[in-house]
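Be aware that the sequence shown starts at 1338, since it is given in our numbering, and climbs by one per residue. Here the structure comes first, spelled out in structure tokens, and everything after it is commentary.
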Amino acid sequence: MALSAEGDLSASGTALPTLLLDAGTGARRVSALLEGAPFRGTILLSHLHWDHLQGLPFFASGDHPDSHVTLFIPPQDDGADAESVVARMMSPPLFPIQPRNLRGDWTFDVLPPEAFAADGFVVGAFRVIAREIPHKGGTTVGYRVTDGHATIAYIPDHCPTEFGAGPDGWGDYHPAAVELAREVDVLIHDAHLVPAELAAEASFGHAAADYAVELGRLAGVQKVALFHHRPDRIDDAIDGIVDGFSSSVVPVFGAHDGLELAL
């Protein structure tokens, strides 16, 4: 997900992204938004699973002689440094180059302690708060990001049933998730499952769309974007899930490739 702050414009008036949330295969699309210019900004990874990282070496504007990129990962249980963790996916024999071989000026780091403080930390034109969110297989965080004009919450992978069934059977509305989502303009949330799939598949680390919508209502958000769709769910089925929330007090829409939101 690419974010542009107010005033970050190219010569043609296109908004220039300076903050990326995760670096899955969608990172390749960011180069077109930059109109061939090098990326100068920050990448915040929510966690290190492949679907959030594998676009990194194919991000042409980042792999550019004039790029200036700072990449943060969540703190690791074993205390590993950021570059060595990324290199577990991106190094021979699994990949021809290592992170240090990306062109441009790259810095790999672990999120600082202030990211988890009450006011978060400053990332370019943004203020970012990170909170640990239950998932599977490694530390996962969600982010709350504001540029002073608009605020989003980004919780792409979330297993709320880790804290129990909760009041609706979809998982607990725990304080970290509610804090990130509180009164944001858009909550972008894991909607991998529907309630009927939870019993068999919640243990893989994902949430039901119904949880995302109810979290949005409880947190007083303006809109909920259903995200991280189940890969085998066709577009018509996703549209059907979204349509099922037509009477929701919080407007709901399905995130999709190429979606642009002006806040």
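Glycine residues also receive a C-beta, built at the ideal position from the N, C-alpha and C atoms.
- Straight-line spacing of the CA atoms in residue 1485 and residue 1463 works out to 8 Å.
- Residue 1506 is bridged by DSSP to nothing; it lacks a bridge partner.
- Counting the other CB atoms within 10 Å of its CB gives residue 1481 a total of 16 or more, which places it among the buried residues.
- A residue is called buried once 16 or more other Cβ atoms fall within 10 Å of its Cβ, and residue 1368 is buried on that count.
- Residue 1471 is not a Cβ neighbour of residue 1358, given a cutoff of 9 Å.
- 1596 is the residue among 1414, 1585 and 1596 whose C-alpha sits nearest the C-alpha of residue 1564.
- Taking a 10 Å sphere around the C-beta of residue 1431, we find fewer than 16 other C-beta atoms and assign the residue as exposed.
- The criterion of a C-beta distance shorter than 9 Å is not satisfied by residue 1509 and residue 1558.
- The distance from the Cβ of residue 1513 to that of residue 1469 is about 6 Å, consistent with a contact at the 8 Å cut-off.
- Residue burial is scored here from C-beta neighbours: residue 1389 has at least 16 other C-beta atoms within 10 angstroms and is therefore classed as buried.
- For residue 1577, the enclosing alpha helix (DSSP H) begins and ends at 1572–1580.
- When the five nearest sequence neighbours on each side are left out, the beta carbons in the same chain lying within less than 7 Å of the beta carbon of residue 1387 are those of 1426, in order along the chain.
- Residue 1566 places its beta carbon 9 Å or farther from that of residue 1548.
- The C-beta distance from residue 1467 to residue 1448 rounds to 6 Å, short enough to fall under 8 Å.
- For the options 1421, 1454 and 1450, the alpha carbon positioned closest to that of residue 1438 is the one of 1421.
- Counting only residues of its own chain and dropping the five nearest sequence neighbours on each side, residue 1541 has a CB closer than 7 Å to the CB of 1473.
- For residue 1477, the closest C-alpha among the options 1497, 1488, 1487 and 1591 is that of 1497.
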